[in-house]
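Here is the structure we will look at, set down as structure tokens.
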Amino acid sequence: MADSGRPRPADPDATESRTASPLAGKKRAQQSPGLRSKYQSSAPGHCFKKVTLTKPTFCHSCSDFIWGIIGFLCEVCNFMCHEKCLKTLRKVCSSMTPSLVQVPVAHCFGPAGQKKRFCCVCRKQTEGSTALRCEVCELHVHADCAIFTCADCRSCQLDGILEQDTYHHHWREGNLASAARCEVCRRSCGSSDVLAGMRCEWCGITSHAACYLGMPAECTLGRLRCMLLHPACVRLDSRNFSKMHCYRIAESCSHELDNSDDADLSAAAAPASKDGQPAASESGKQFLKVFDGDDAVKRGFFRLVSITKNEEVVEAALRAFYLPDDPQDFELHEIGGPQRLHSDDILNRNGSPDNRNSLKDGGDSWLLRAKPRVTEVIKVYTDWPKSGVAFISVSVSDSSTTSSVLAEVLSKLDRQEEDLSKFSLLEVCMSSKQVQRQTLTPQEKLRDKLREIRKVSLRQMNQTRFYIVENKNRAVRVELLIGGLPPLLTTEKYTQLIEEHLAIKSHLVTISNFYLNQGAVELQISCFAEAERIYMLTKDTSINNKTLTSLVIPAITQNTLGADVCPLLVFVNPKSGGLKGRELLYGFRKLLNPHQVFDIMNGSPLAGLHTFREVPRFRVLVCGGDGTVGWVLGVLEAVRHKLTCREPPIGIVPLGTGNDLARILRWGPGYSGEDPYHILVSVYEADEILMDRWTILLDAQDVSEDGKENDFLEPPKIVQMNNYFGLGIDAELSLDFHLAREDEPDKFTSRFHNKGVYVKVGLQKISHTRSLHKELQLHVDGQEVPLPNIEGLIFLNIPSWGSGADLWGSEVDSRYEKPSIDDGLLEVVGVTGVVHMGQVQSGFRSGIRIAQGNYIRLTLRKPIPVQVDGEPWIQPPGHIIISAAGPKVRMLRKSKQKQKKSSANMRDGHSDSPSSRDGH
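Per the numbering used here, residue 1026 is the first one in the sequence shown, and the count goes up by one each step.
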């Protein structure tokens, strides 16, 4: 069988050590159901054969080295193991994965990272740009293997359709680091050489494939449970929305998967020669183009199945599509011809001339079809977990209808006395990208439905289930957050804009929660179709040349949160720190509930704060530079009155260039690839401190004698300051850097390069002179303060400036108080030029201390470059007033002592990092 661009057998260095005669092959076809396994195992679905090993190989079951030259290889999924492991094997074949799904949840595929991973379908190493990974769980696949995965992602919410009252471990196989240890036997269970070992994607514990089923089924969510948003606390009616929409993941992430669905995989599925063409003559193999249904024929999607001599053709075709069914129930139809191949037909190169002529060049196309059946048995799953039964097997015939099947299922569940009209039969297609549900009508013929699905796609049939569900008249409520509206309008004007541009139906849509400063409103919609229409229409609607944004918002039921739970709200700026921001976004989605992790570039901080508006207490983690932190603090200040928890403490992961605020809070000068799990533990153990924030009023006026301070050059504006405010040479360098980054943003992806540009623009200004004391007037706490001959004036709120420099200095001066971030005072410092700034940053000098106070008034006589927390612009003449901005904000400072204790705990087996165990 050919598998996703990699030929069979799975290991290119493994060769079959045993051949069977055509007669023996026919006998096996008649004796055993399903894919005929040459060697029996205790795990279903596998089709093992003995192979000779020609290079070092590891067992996929125990991850140990296979000594000797004999191994056992599954011809379906490439599972390799010892002979001793064959008898105790517990991990089912990839073809049986749909049968293990508890609650169907679609994956969110995006491009994979650069680290070594193994495909969860064909078990081979992923490489190149065609590899994909789920943005929510640890599923890694080749692009051409993705269609053979099913909807077995983590269940992160309640959707009112298929739910669970207890949460079990969500096991995912493989991609563990070699240092991972089994929670049961304490032996090593990870491997960097093969897909081996199991890990729960909620609590992170690891185990051997032979041990994990012996562990307690219920998951405790691990060490991070106190900051994790439990799935039972999140409700989201998401019937018409994909998981990419629900988790607010950029839709471009699924581009490669979409392309792979329509790709011609013929060359990829066959052994390739050096020039990239299928090596048709290799080892005497023949090739068939096999389609699994009418849909595949329409889209041109086929599997180029390689057939060695004396191999059953139907069985090979089933293996190609990862179908675990009995070959006796299928046959191959020649497309455009009368010939059929049955399960007993064997391709023998020494066979009849007819076989050789029809299949010699692999040019013919064949359609894999199910044979007509007299009766069938379907599994009907229950949607109430307390029934104690996962599914009920029901025999269906041509006369079986939905109603008769429901009656038989209720009878077997001892609920035959209940009204049949209160139940429905739900068809669920568990494809990897989206779970599709359809309620069958009471009189619908089940046999006709099964024939229809198989005719469209046998692969789809393998991923389809039937559920018996209770009919519930539960009110639909979809919440959409509409952003991009003009700010600071009245509620009546916002209502008018929404009705005019989105044509909402007033009896289905309620407009609530107006965020005037942010230009956003919340829509509560009671109809799925209307919610989907508004969501899609919003993306094509612009107001004042600005495109509107629309986000699906989950509802958090705060009354179900545990008393000891303080969930963490995470904001990540993926554009900060090069690719590190995106990797952190992926890492936090894996470790936490993705509904508490927000891409700050997709909906601004408002989306996260609005989602958590009714949570009684929570913490915030901001991953980005000082500008990103200021953005979050600014939005928090604007919407604080709508939050139940009005002062959530904020931690920082520094991804910017300066990261001055992160430095004084002990989060470090910059992110250097630290394990996301350890970051979360540090946030959990961090200390809360208070920090001042300042409001800057920029009132641009003509302050010349002729103007007499009456002519306004532009309307006054207000900005918030957290770190520092600079005028003169300091702001001029920031402005030059900002303009350079806007011209070529792709080059500014590392702190090292950014600092190099700062040095370059600084050298260009080294001969620049400016008498700043002649261009502005300073008043501190109502007193005029004379300025020395300086080129730059800086107001400090924190004792870190310019990437960690101590501009105020450590000398004791009785005229001033010792600076602190919560003392309610600003430190006023001057610099004489670029050389002075370089000396300060080198630690040789400090700035010129000028004043200290809590109310600053500046009068600018000329346009001067200014910058607030690294954001520069040219400020016209006028007045600038700096004063305290309301209550102090609560920040999280990394704890030194607790971190030492945490590091010691990490060394024992019970507190290992889940992400480090998967090689993150």
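All residues carry an ideal CB built from backbone N, CA and C; glycine is no exception.
Going by other Cβ atoms of all chains shown within 10 Å of its Cβ, with 16 needed for buried, is GLY1655 buried or exposed?
Mapped onto the sequence shown, residue 1655 falls at position 630. When all chains shown are included, GLY1655 counts as buried.
Since ILE1172 sits in a beta bridge, which residues does DSSP pair it with?
For the purposes of this step, residue 1172 is taken as residue 147 along the sequence shown, with counting starting at 1. Answer is none; ILE1172 lacks a bridge partner.
Is the region 1132-1139 in contact with the region 1156-1176, if contact means three or more CB pairs nearer than 8 Å?
Segments in contact, yes.
Looking at the strands, I want to know which residues DSSP matches up with MET1223.
Residue numbering aside, residue 1223 sits at position 198 when the sequence shown is read from its first letter. Per DSSP, GLU1198, SER1232.
Using the C-alpha atoms, what's the distance from THR1857 back to VAL1660?
Within the sequence shown, residue 1660 is the residue found at index 635, counting from 1. Within the sequence shown, residue 1857 is the residue found at index 832, counting from 1. VAL1660 and THR1857: Cα-Cα distance of roughly 36 Å.
So for VAL1399, helix, strand or coil by DSSP?
Indexing the sequence shown from 1 puts residue 1399 at position 374. Correct three-state label for VAL1399: coil.
Beta carbon of LEU1465, beta carbon of THR1427: below 8 Å?
Here residue 1465 refers to the residue found at position 440 when the sequence shown is read from its first residue. Here residue 1427 refers to the residue found at position 402 when the sequence shown is read from its first residue. Yes, they are a contact pair.
From the DSSP output, which residues share a beta bridge with SER1867?
Taking the sequence shown and counting its residues from 1, one reaches residue 1867 at position 842. SER1867 pairs with nothing; no bridge assigned.
Taking just the CA atoms, how far does LEU1609 sit from VAL1117?
Taking the first residue of the sequence shown as position 1, residue 1117 is located at position 92. Taking the first residue of the sequence shown as position 1, residue 1609 is located at position 584. Roughly 32 Å separates the two Cα atoms.
With 16 as the cutoff for other CB atoms within 10 Å, does LYS1323 come out buried or exposed?
Numbered from its first residue, the sequence shown carries residue 1323 at position 298. Looking at its Cβ environment, which holds fewer than 16 other Cβ atoms inside 10 Å, LYS1323 is exposed.
From what residue to what residue does the beta strand (DSSP E) around ILE1091 run?
Position 66 of the sequence shown, counted from the first residue, corresponds to residue 1091. Careful: ILE1091 lies outside any beta strand (DSSP E) and carries neither H nor E.
Tell me the DSSP secondary structure of ASP1651 in three-state form.
Reading the sequence shown from its first residue, position 626 is the one you call residue 1651. Correct three-state label for ASP1651: helix.
I'd like the span of the beta strand (DSSP E) that includes GLY1878, first residue to last.
Stepping through the sequence shown from its first residue, residue 1878 is reached at position 853. GLY1878 -> beta strand (DSSP E) spans 1873-1878.
Locate the beta strand (DSSP E) running through THR1489, then write down its first and last residues.
Here the question's residue 1489 lines up with position 464 in the sequence shown. Where THR1489 is concerned, the enclosing beta strand (DSSP E) stretches over 1489-1495.
Terminal residues of the continuous beta strand (DSSP E) containing VAL1330?
Here the question's residue 1330 lines up with position 305 in the sequence shown. From DSSP, the beta strand (DSSP E) with VAL1330 extends over 1328-1332.
Using a Cβ-Cβ cutoff of less than 8 Å, which residues in the same chain neighbour LYS1913 once the five nearest sequence positions on both sides are dropped?
Stepping through the sequence shown from its first residue, residue 1913 is reached at position 888. The residues are LEU1715, MET1716, ASP1717, ARG1718, ASP1847.
Taking the alpha-carbon of ILE1581 as reference, which of LYS1615, PRO1599, HIS1635 has the nearest alpha-carbon?
The residue labelled residue 1581 in the question sits at position 556 within the sequence shown. ILE1581 has its Cα closest to that of HIS1635, out of LYS1615, PRO1599, HIS1635.
Give me, in chain order, the residues of the same chain whose beta-carbon lies closer than 8 Å to that of ALA1415; leave out the 5 immediate sequence neighbours on both sides.
Residue mapping note: residue 1415 aligns to position 390 of the sequence shown, counting from 1. So the qualifying residues of the chain are TYR1406, THR1407.
Relative to the alpha-carbon of MET1121, which residue among THR1489, PRO1592, HIS1194 has its alpha-carbon at the smallest distance?
Taking the sequence shown and counting its residues from 1, one reaches residue 1121 at position 96. When each option's Cα is compared against that of MET1121, the closest is THR1489.
Considering only the beta carbon of each residue, do ARG1915 and GLU1713 sit closer than 8 Å?
Taking the first residue of the sequence shown as position 1, residue 1915 is located at position 890. Taking the first residue of the sequence shown as position 1, residue 1713 is located at position 688. Yes, the pair counts as a contact, with Cβ atoms nearer than the cut-off.
What residues in its chain sit with their C-beta under 7 Å from that of TYR1709, if we drop five residues either side in the sequence?
Taking the first residue of the sequence shown as 1, we reach residue 1709 at position 684. Hits under 7 Å: CYS1251, MET1252.
On the criterion of 16 or more Cβ atoms from any shown chain inside 10 Å, does TRP1092 qualify as buried, or is it exposed?
The count along the sequence shown starts at 1 and reaches residue 1092 at position 67. Exposed, by the Cβ-count rule.
Flag this pair as yes or no: are the beta carbons of ALA1275 and ASN1627 separated by less than 8 Å?
As a working mapping, residue 1275 is identified with position 250 in the sequence shown. As a working mapping, residue 1627 is identified with position 602 in the sequence shown. Yes, the Cβ-Cβ distance between ALA1275 and ASN1627 is below 8 Å.
Under three-state DSSP, which class holds CYS1106?
Along the sequence shown, read from residue 1 onward, the residue named residue 1106 stands at position 81. Residue state, collapsed to three classes: strand.
At a cut-off of 7 Å, would you count LYS1109 as near the ligand SAH, judging by its Cβ distance to the nearest heavy atom?
The ligand SAH is not among the ligands present in this structure, which contains no ligands whatsoever.
Could you have a look at PRO1352 and say whether DSSP puts it in helix, strand or coil?
Here residue 1352 is taken as the residue at index 327 of the sequence shown, counted from 1. In the structure shown, PRO1352 sits in a helix (DSSP, three-state: H, G or I).
From LEU1357 to THR1400, what does the alpha carbon distance come to, in whole angstroms?
Residue numbering aside, residue 1357 sits at position 332 when the sequence shown is read from its first letter. Residue numbering aside, residue 1400 sits at position 375 when the sequence shown is read from its first letter. Near 21 Å, if we compare the C-alpha coordinates of THR1400 and LEU1357.
Whole angstroms are fine: how far does the CA of ASP1354 sit from the CA of GLU1100?
The count along the sequence shown starts at 1 and reaches residue 1100 at position 75. The count along the sequence shown starts at 1 and reaches residue 1354 at position 329. Rounded to the nearest angstrom, the two C-alpha atoms are 20 Å apart.
Given TYR1237, which residues of its chain have a CB within under 7 Å of its CB, disregarding the five upstream and five downstream residues?
Translated into the one-based positions of the sequence shown, residue 1237 becomes position 212. Cβ within range, chain order: TRP1196, MET1223.
Return the first residue and the last residue of the beta strand (DSSP E) that PRO1081 is part of.
Counted from its first residue, the sequence shown places residue 1081 at position 56. Run containing PRO1081: none; DSSP gives neither H nor E here.
Scan the region 1496-1541 and note each continuous alpha helix (DSSP H) run of 4 residues or more that stays entirely inside, going in chain order.
Those alpha helix (DSSP H) runs which fall completely within the region 1496-1541 and span 4+ residues are 1516-1527.
For the region 1419-1436 against the region 1509-1519, do three or more pairs of beta-carbon atoms, one drawn from each stretch, fall closer than 8 Å, so that the two count as touching?
No, the region 1419-1436 is not in contact with the region 1509-1519.
Which first and last residues belong to the beta strand (DSSP E) in which MET1455 is found?
By 1-based counting over the sequence shown, the position of residue 1455 is 430. 1448-1455 is the span of the beta strand (DSSP E), which, as asked, contains MET1455.
Do you know offhand how far ARG1688's Cα is from ILE1889's?
Along the sequence shown, one-based indexing puts residue 1688 at 663. Along the sequence shown, one-based indexing puts residue 1889 at 864. Roughly 29 Å separates the two Cα atoms.
Look at the alpha carbon of TRP1692 and the alpha carbon of HIS1666, and state the distance between them as a whole number of angstroms.
Here residue 1692 is taken as the residue at index 667 of the sequence shown, counted from 1. Here residue 1666 is taken as the residue at index 641 of the sequence shown, counted from 1. Answer to the nearest angstrom: the Cα atoms are 29 Å apart.
Taking C-alpha atoms, which residue in ASP1317, MET1105, CYS1225 lies nearest to TRP1391?
If you number the sequence shown from 1, residue 1391 lands on position 366. That would be ASP1317, whose Cα lies nearest to the Cα of TRP1391.
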